[in-house]
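Those protein sequence lines, which keep their order, are chains A and B. Residue numbers for the first sequence follow the working numbering, beginning at -1 and rising by one. Residue numbers for the second sequence follow the working numbering, beginning at -1 and rising by one.
2 protein chains.
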Amino acid sequence: MGYELKSARYLARDVLERAVQPGDTVIDATMGNGHDTLMLCEAVGPEGKVYAFDIQEAAVKETGKLLLVHGMADRARLIHSGHEHMREFAEEPVQAVVFNLGWLPGGDHSVTTHWETTSCAVQAALELLKPGGVLVICAYPGHAEGDRERKELPGLLSSLSNREYNVLRQQFLNAGIGAPECFVVQKLTVASE
Amino acid sequence: MGYELKSARYLARDVLERAVQPGDTVIDATMGNGHDTLMLCEAVGPEGKVYAFDIQEAAVKETGKLLLVHGMADRARLIHSGHEHMREFAEEPVQAVVFNLGWLPGGDHSVTTHWETTSCAVQAALELLKPGGVLVICAYPGHAEGDRERKELPGLLSSLSNREYNVLRQQFLNAGIGAPECFVVQKLTVASE
Chain A
-1 MGYELKSARY LARDVLERAV QPGDTVIDAT MGNGHDTLML CEAVGPEGKV YAFDIQEAAV
59 KETGKLLLVH GMADRARLIH SGHEHMREFA EEPVQAVVFN LGWLPGGDHS VTTHWETTSC
119 AVQAALELLK PGGVLVICAY PGHAEGDRER KELPGLLSSL SNREYNVLRQ QFLNAGIGAP
179 ECFVVQKLTV ASE
Chain B
-1 MGYELKSARY LARDVLERAV QPGDTVIDAT MGNGHDTLML CEAVGPEGKV YAFDIQEAAV
59 KETGKLLLVH GMADRARLIH SGHEHMREFA EEPVQAVVFN LGWLPGGDHS VTTHWETTSC
119 AVQAALELLK PGGVLVICAY PGHAEGDRER KELPGLLSSL SNREYNVLRQ QFLNAGIGAP
179 ECFVVQKLTV ASE
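Printed below as a string of structure tokens:
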């Protein structure tokens, strides 16, 4: 098929598939239905490790089942806690952190990520990144909290020093106002002058 | 090295390398120093074809030399004309069109692309794209005309029907106000409902 420009979700996947190598330690900050957790487990291989977070017990259970079916349960630590606490669990530098903001697909729409905790978690993720490591965030402005996250994220990420991080914003210009965006932050391997 | 997030220029190259296959017909709308023309000649292979445009004779000459050195001269048609006339030369559908806006590197900085002609050329390029084909544009807001192009492009591209095209804008948020941006438009293979 070759190159196909699809959605923020696909851009995020593409970056993660290229950035994560066997043996890496990575974080899924929004476990949700576990699809990213599974993909990350596959990418890090038997020597790697995935920390995955969710405040919803249903998400943790579903993800656990999904990993078991695929024989990947031993590569992941599933943590029933808010992602703003990620540094209490993952203390070593990581190659990637992924946020898929918003609510659990098929779940309770009143339970969503919130900017207050998302912003803390993003800061924690930035501090955990290894040189060359990436933070990948999909934001969904189709609901009130998601709209706020999409509005606040550019300000937070723009303020990062370009001697330490590269920050990319990816918008689908003609996809409607509710269209998701994908942000990618890479920690530089050598600080620029 | 794995994934590396660098600049608009690298994003553009990455898309072209993935989207262009041997045998394709493509267009370099801004020949400049010929680096993109050469890369496209390599990508389309001996069965493919590259149309390349520039209004500066120096650019056409330099590019001709570069292609000769690399044994690629027979894959390209170098056209000393403004890119807004591309449909007079390339009448068949193409897989890719690349615009690297601004002035010729190392050349006369008073000779730059201008929105009046750039916008016509972009429209022509959109009409020339095959289904699945891509338009890749790097815009440089570091000078007056470039700034205008960077401001006008989102409006033009946002107005494209999302039943016909996907449009991606890629900005480096913390790279300073003069930082280049990369726009990618893909013509859909099947019109969406």
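Don't be surprised by glycine CBs; every beta carbon is placed ideally from N, CA and C.
Counted within 10 angstroms of its Cβ, other Cβ atoms place A/E191 as buried (16 or more) or exposed: Confidence in A/E191 is poor, its pLDDT being 47 and thus under 50, which makes the residue's placement unreliable; the coordinate value appears in the next sentence. By the 10 Å Cβ count, A/E191 comes out exposed.
message: Is it the case that the segment 110 to 125 of chain B contacts the segment 64 to 76 of chain B, given that we only count it when at least three CB pairs across the two stretches are under 8 Å?
response: No contact exists between the segment 64 to 76 of chain B and the segment 110 to 125 of chain B.
field: Assigned exposure category for B/Y49 - 16 Cβ within 10 Å defines buried
entry: Flag for B/Y49 reads buried.
- prompt: Excluding sequence positions up to five away, which residues of its chain have a Cβ less than 7 Å from the Cβ of A/E68?
  reply: It should be pointed out that residue 68 of chain A corresponds to His in this sequence rather than to Glu. Take A/H68, set aside five residues on each side of it, and the residues of its chain with a beta-carbon closer than 7 Å to its own are L36, in chain order.
Under 7 Å by beta carbon: chain A residues contacting B/L124: By Cβ distance, chain A contributes nothing, its closest Cβ being about 12 Å from B/L124, past 7 Å.
- prompt: Are A/A41 and A/L66 touching if we call contact CB-CB under 8 Å?
  reply: No, Cβ-Cβ distance for A/A41 and A/L66 is not below 8 Å.
task: Let me know the alpha helix (DSSP H) ranges lying completely inside the segment 102 to 152 of chain A, each 4 residues or longer, listed in chain order.
output: With a minimum length of 4 residues, the continuous alpha helix (DSSP H) runs that stay inside the segment 102 to 152 of chain A are 113 to 126.
Expected contact under 8 Å - CB spacing of A/V96 and A/A27 to nearest Å: Going by Cβ atoms, the distance from A/V96 to A/A27 rounds to 6 Å, so yes, they are a contact pair.
message: In this structure, how does DSSP classify A/K4 when only helix, strand and coil are distinguished?
response: The DSSP-derived three-state label of A/K4 is coil.
8 Å Cβ cutoff met for B/G43 and B/G62: No, the pair does not count as a contact, with Cβ atoms beyond the cut-off.
query: Going by Cα to Cα distance, which pick from A/I53, A/K149, A/M29 is closest to A/W207?
result: With chain A covering only -1 through 191, there is no way to say anything about residue 207 of chain A.
task: Would you identify the three-state DSSP class for B/R73, choosing helix, strand or coil?
output: Taken through DSSP and simplified to helix, strand or coil, B/R73 comes out as helix.
- request: Show which residues of chain A have a CB atom less than 9 Å away from the CB atom of B/Q168.
  value: Residues of chain A passing the Cβ test: L166, R167, Q168, Q169.
message: Check this for me: beta carbons of B/A57 and B/M84, under 8 Å apart or not?
response: Inclusion of B/A57 and B/M84 in the CB contact set at 8 Å is not warranted, their separation being larger than that value.
message: Per the DSSP calculation, A/H78 is bridged to which residue(s)?
response: In the DSSP assignment, A/H78 is bridged to A/D52.
Residue-chain proximity (B/R146, chain A), Cβ-Cβ < 8 Å: By this cut-off, B/R146 is not an interface position.
- request: With DSSP collapsed to three states, give me the class of B/E179.
  value: Looking at B/E179 - three-state DSSP - the assignment turns out to be strand.
query: For B/F170, which residues from the same chain have a beta carbon less than 6 Å from its beta carbon, with the 5 sequence-adjacent residues on both sides left out?
result: Only residues of its own chain outside the window of five on either side were considered, and among them A177 have a CB closer than 6 Å to the CB of B/F170, listed in chain order.
message: Helix, strand or coil, according to DSSP, for A/N98 in the structure here?
response: The DSSP-derived three-state label of A/N98 is strand.
message: I'd like to know whether the C-beta atoms of A/A137 and A/E179 end up nearer to each other than 8 Å.
response: Between A/A137 and A/E179, the gap from beta carbon to beta carbon is short of 8 Å.
query: Can you find a C-beta in chain A that's less than 8 Å from the C-beta of B/E191?
result: With a pLDDT of only 47 at B/E191, under the threshold of 50, the placement of this residue in the model should not be trusted, and no figure is reported.
Near-chain B residues of the segment 17 to 31 of chain A - C-beta to any C-beta below 8 Å: Identification of residues in the segment 17 to 31 of chain A having a C-beta nearer than 8 Å to some C-beta of chain B yields A17, Q19, given in sequence order.
field: Beta-bridge partners of B/T23, as assigned by DSSP
entry: Beta-bridge pairing links B/T23 to B/K47.
Beta-bridge partners of A/L166, as assigned by DSSP: In the DSSP secondary-structure assignment, A/L166 is bridged to A/V182, B/F170.
field: B/V18 in three-state terms, based on DSSP
entry: Annotated three-state conformation of B/V18 is coil, per DSSP.
message: Taking 8 Å as the threshold (beta carbon to beta carbon), is B/S117 in contact with chain A?
response: For B/S117, the nearest beta carbon of chain A is not closer than 8 Å to its own beta carbon.
message: Run through chain A and tell me which residues come within less than 8 Å of B/A152, C-beta to C-beta.
response: Rather than Ala, the amino acid found at residue 152 of chain B in this sequence is Pro. Result: L171.
Contacts that A/S156 makes with chain B (C-beta to C-beta distance below 7 Å): By Cβ distance, chain B contributes L171, N172.
- prompt: Is it buried or exposed for B/T187, if we count other Cβ within 10 angstroms and need 16 for buried?
  reply: Around the C-beta of B/T187, fewer than 16 other C-beta atoms lie within 10 Å, and the residue is accordingly described as exposed.
query: In terms of DSSP beta bridges, what is B/V92 paired with?
result: DSSP lists B/L127 as partners of B/V92.
- request: Would you kindly work out how many angstroms separate the C-alpha atoms of A/E86 and A/V18, rounded to a whole number?
  value: The alpha-carbon atoms of A/E86 and A/V18 are separated by roughly 22 Å.
message: Below 8 Å on C-beta distance, what does B/G0 contact in chain A?
response: Neighbours of B/G0 in chain A, taken as residues whose beta carbon is under 8 Å from its own, are R16, A17, Q19, G130 in chain order.
query: Looking at C-alpha atoms only, which residue of A/T23, A/Y1, A/D12 is the closest neighbour of B/R16?
result: By alpha-carbon distance to B/R16, the top candidate from A/T23, A/Y1, A/D12 is A/Y1.
query: Buried or exposed: which applies to A/E82, given that a residue is buried once 16 or more other Cβ atoms fall within 10 Å of its Cβ?
result: Buried is the call here.
message: In the DSSP assignment, the alpha helix (DSSP H) including B/H68 goes from what residue to what residue?
response: Here B/H68 belongs to no alpha helix (DSSP H), and DSSP marks it neither H nor E.
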